[in-house]
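For the working numbering, add 831 to where a residue sits in the first sequence, where the first one is 1.
Heads up, the beta-carbon is just placed ideally off N, CA and C, and yes, glycines get one too.
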Amino acid sequence: MSISIPRGTRDILPGEVEKWQIIEEKARELCERYQYKEIRTPIFEQTDLFSRSVGATTDIVQKEMYTFTDRGGRSLTLRPEGTAAVVRAFVEQKMHGLPVQPVKLYYMGPMFRYERPQAGRYRQFVQFGVEVLGSADPAIDAEVISLAMNFYSELGLKKLKLVINSLGDLESRSAHREALIRHFRPRIGEFCSDCQNRLEKNPMRILDCKKDRDHELMKSAPSILDYLNEESRRYFEKVLKYLDELGISYEVDPNLVRGLDYYNHTAFEIMSEAEGFGAITTLCGGGRYNGLVEEIGGPETPGIGFALSIERLLAALEAENIQLVKKQEIDCFIVALGEKARDYSVRLLHQMRLAGFSAEKDYLNRKIKAQFKAADRLNAKYAAIIGDHELEANKITVKKMDTGEQTEVPLDQFLDYFKKLVE
RNA sequence: GCGGCUGUGGCGAAGUGGUUAACGCAUCGGAUUGUGGCUCCGACACGCGUGGGUUCGAUUCCCACCAGUCGCCCCA
């Protein structure tokens, strides 16, 4: 058997790649409007960057990274997410000193996680993400969320749900953590083994459990929102108020917990509510990560961002039956008959392209009939037919493909004639 | 990492323990000598995911592996 594509990866062929181009273009155009600038960082980074930022105990770091040792003995990792590298670059390139603040960045590119492939989950997937560094204004939280929501809605998605929560600051979180442990410990035996493990490690995760979601202790569990300190609570309220002002509807879900350790305060997800969408409904996840820049060795700098997967966006578009790609067509297909005409068509084709037309010819030495078929397949608006008759008479036949009407044009006037035709 | 289902030509899809592996779409050729989209005719799997086993004989039965898919976990 020949070599096949690695598991969990995909080839994107012509026919599909156009959708990607439209999406990428939309992302760039939107970022321009919101004034986010593109940043490109390496595909691999030092392994420590991810263990320190994403969190040494997270699944991503513990079992999903593509880590390898290079010839110099360095441990490197194919990036599993984008935020860490952006923050690293921010610190390393001293972007806190840039004249324009806050620093608003976006990135688009492949990420790698060694997971079992599933609908909406790949080992290499493309994320579009945004990061704002240097502002702790709740208005920027709302801006980041609105950028993500706009991105989806301008591409045509309707069945979206924004879920938001506040994880509070360190003080709020540890108070909540204590309360959770007190709440669950006496009856933890009634929960699944995962939850039992979570009790000490990360009790917040119990709230996320799907198996035990109907347990009575779940409903009565202490909510993070009741443990937010004054400052955290006011911050969250302000974010929600701004969202209201932007006309963005949301659902506050006190059980929303993000899987990466660096999040605090605002955490949000955008999910698809389209019928028949797979089990993985999260299209976009993001939140605030004050403290991460310091963790990476930079000055105290607040940050917030989101990341979304293009693959999942495409799946959501499909689920909502949204067609992005318009019919592909070309201006002209040159049908050449006979050797002399074929030779001539090489030059003519070149001239047409220089003049700005999309044009094509036959390269398989096909008969006239097959050449017309090829013209059809390419959705040619016109066919230019050149053969012995035409060449001798210094003429070319122009045929409008949808009506079938034909005109003979002097060869030396063809390009000018064609320009008028097409406009 | 765990579990369910699936794996036949470029695509979709039937089928059988034993002569030539249906059919549809696509492709190519012809009917139509220089004109496409329609129609008709013809061609197109030395092979049934890979490897092993059972058998006189396997694409069909068994096992393993690989891959896809769905779900769990987790996440984008």
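query: Ordered along the chain, which non-local residues of its own chain (more than five positions away) have a Cβ less than 6 Å from that of residue 1327?
result: As displayed, the chain neither begins before 832 nor continues past 1254, which places residue 1327 out of reach and without an answer.
Cα-Cα separation, residue 1005 to residue 1154: Counting from one through the first sequence, the residue named residue 1005 turns up at place 174. Counting from one through the first sequence, the residue named residue 1154 turns up at place 323. So the alpha carbons of these two residues sit roughly 47 Å apart.
field: Pair within 8 Å by beta-carbon distance, residue 1094 and residue 964
entry: The residue labelled residue 1094 in the question sits at position 263 within the first sequence. The residue labelled residue 964 in the question sits at position 133 within the first sequence. Taking the C-beta atoms as reference points, residue 964 is found no nearer than 8 Å to residue 1094.
query: To which residues of the same chain is residue 907 closer than 8 Å at the C-beta, ignoring the five residues directly before and after it?
result: Here residue 907 corresponds to residue number 76 of the first sequence, with the count starting at 1. Same-chain partners within the cutoff: 875, 876, 877, 878, 898, 899, 900 and 901.
field: Same chain, Cβ closer than 6 Å to residue 1056, five either side skipped, listed in chain order
entry: For the purposes of this step, residue 1056 is taken as the residue at position 225 of the first sequence. Only 1085 meet the Cβ criterion.
message: If you reduce the DSSP assignment to three classes, tell me which class residue 1188 lands in.
response: If you number the first sequence from 1, residue 1188 lands on position 357. In the three-state scheme derived from DSSP, where H, G and I count as helix and E and B as strand, residue 1188 is classed as coil.
message: DSSP has residue 1163 in a bridge; who is on the other side?
response: Position 332 of the first sequence holds residue 1163. DSSP lists 1190 and 1213 as partners of residue 1163.
- request: Please report the residue range of the beta strand (DSSP E) in which residue 981 lies.
  value: For the purposes of this step, residue 981 is taken as residue 150 along the first sequence, with counting starting at 1. That residue, residue 981, is in no beta strand (DSSP E); its alpha helix (DSSP H) goes 969 to 985.
Terminal residues of the beta strand (DSSP E) in which residue 1051 lies: Locating residue 1051 in the first sequence gives position 220, where the first residue counts as 1. Per DSSP, residue 1051 belongs to no beta strand (DSSP E) and is neither H nor E.
query: Between residue 986 and residue 857, is the Cβ-Cβ spacing less than 8 Å?
result: The residue given as residue 986 occupies position 155 in the first sequence. The residue given as residue 857 occupies position 26 in the first sequence. Inclusion of residue 986 and residue 857 in the CB contact set at 8 Å is warranted, their separation being smaller than that value.
- prompt: Can the beta-carbon of residue 1162 be found closer than 8 Å to that of residue 1088?
  reply: By 1-based counting over the first sequence, the position of residue 1162 is 331. By 1-based counting over the first sequence, the position of residue 1088 is 257. For residue 1162 and residue 1088, no; Cβs fall outside 8 Å.
task: Enumerate in chain order the residues of its own chain whose CB-to-CB distance from residue 955 is below 6 Å, with the five nearest sequence positions on each side excluded.
output: For this step, residue 955 is matched to residue 124 along the first sequence. Within the same chain, Cβ atoms closer than 6 Å to the Cβ of residue 955 are found at 840, 941 and 943, the five residues on either side in sequence being excluded.
query: Going by C-alpha distance, which of 1173, 1185 and 1001 is nearest residue 1246?
result: Counting from one through the first sequence, the residue named residue 1246 turns up at place 415. Nearest of 1173, 1185 and 1001 to residue 1246, Cα basis: 1185.
Extent of the continuous beta strand (DSSP E) to which residue 1119 belongs: Position 288 of the first sequence, counting from 1, holds the residue named residue 1119. Run containing residue 1119: 1113 to 1119, per the beta strand (DSSP E) assignment.
- request: Kindly indicate which three-state DSSP category residue 865 falls into: helix, strand or coil?
  value: In the first sequence, residue 865 corresponds to position 34, counting from 1. Three-state result, residue 865: helix.
field: Coarse secondary structure for residue 1034, derived from DSSP in three states
entry: Counting from 1 along the first sequence, the entry for residue 1034 is found at position 203. Taken through DSSP and simplified to helix, strand or coil, residue 1034 comes out as helix.
- prompt: With DSSP run on the structure shown, which of helix, strand or coil describes residue 999?
  reply: Taking the first residue of the first sequence as position 1, residue 999 is located at position 168. In the three-state reduction of the DSSP assignment, residue 999 falls in the coil class.
message: What does the alpha-carbon distance come out to for the pair residue 777 and residue 1074?
response: Nothing can be reported for residue 777, as the shown portion of the chain is limited to 832 through 1254.
message: Counting C-beta neighbours from all protein chains within 10 Å, is the total for residue 1143 16 or more, i.e. buried, or is it exposed?
response: Here residue 1143 corresponds to residue number 312 of the first sequence, with the count starting at 1. Classification of residue 1143: buried, given that the 10 Å Cβ count is 16 or more.
- request: With residue 1253 as the anchor, note down where its alpha helix (DSSP H) starts and where it stops.
  value: Walking along the first sequence from the start, residue 1253 turns up at place 422. Boundaries of the alpha helix (DSSP H) around residue 1253: 1245 to 1253.
- request: Report yes if the C-beta of residue 902 is less than 7 Å from at least one heavy atom of the ligand COA; otherwise report no.
  value: Absence of the ligand COA from the depicted structure is noted, as is the absence of any ligand whatsoever, leaving it without description.
message: Which residue wins for smallest C-alpha separation from residue 950, given the options 860, 1071, 1145 and 1204?
response: On the first sequence, position 119 is the one that residue 950 refers to. Of the candidates 860, 1071, 1145 and 1204, 1145 places its Cα closest to the Cα of residue 950.
task: State the CB to CB distance for the pair residue 1078 and residue 975, rounded to an integer number of angstroms; the pair is presumed to be in contact (CB under 8 Å).
output: Locating residue 1078 in the first sequence gives position 247, counting from the first residue. Locating residue 975 in the first sequence gives position 144, counting from the first residue. Taking C-beta atoms under 8 Å as the contact rule, residue 1078 and residue 975 fail to qualify, at a distance of about 16 Å.
- prompt: Under a Cβ-count criterion, where at least 16 other Cβ atoms within 10 Å of its own Cβ denotes burial, should residue 1031 be classed as buried or exposed?
  reply: Position 200 of the first sequence, counted from the start, is the residue given in the question as residue 1031. Here residue 1031 is exposed, its C-beta having fewer than 16 other C-beta atoms within 10 Å.
- request: Write down the C-beta distance between residue 1206 and residue 1197 rounded to the nearest angstrom, noting that I regard them as a contact closer than 8 Å.
  value: In the first sequence, the residue the question calls residue 1206 occupies position 375. In the first sequence, the residue the question calls residue 1197 occupies position 366. That pair is no contact at about 11 Å.
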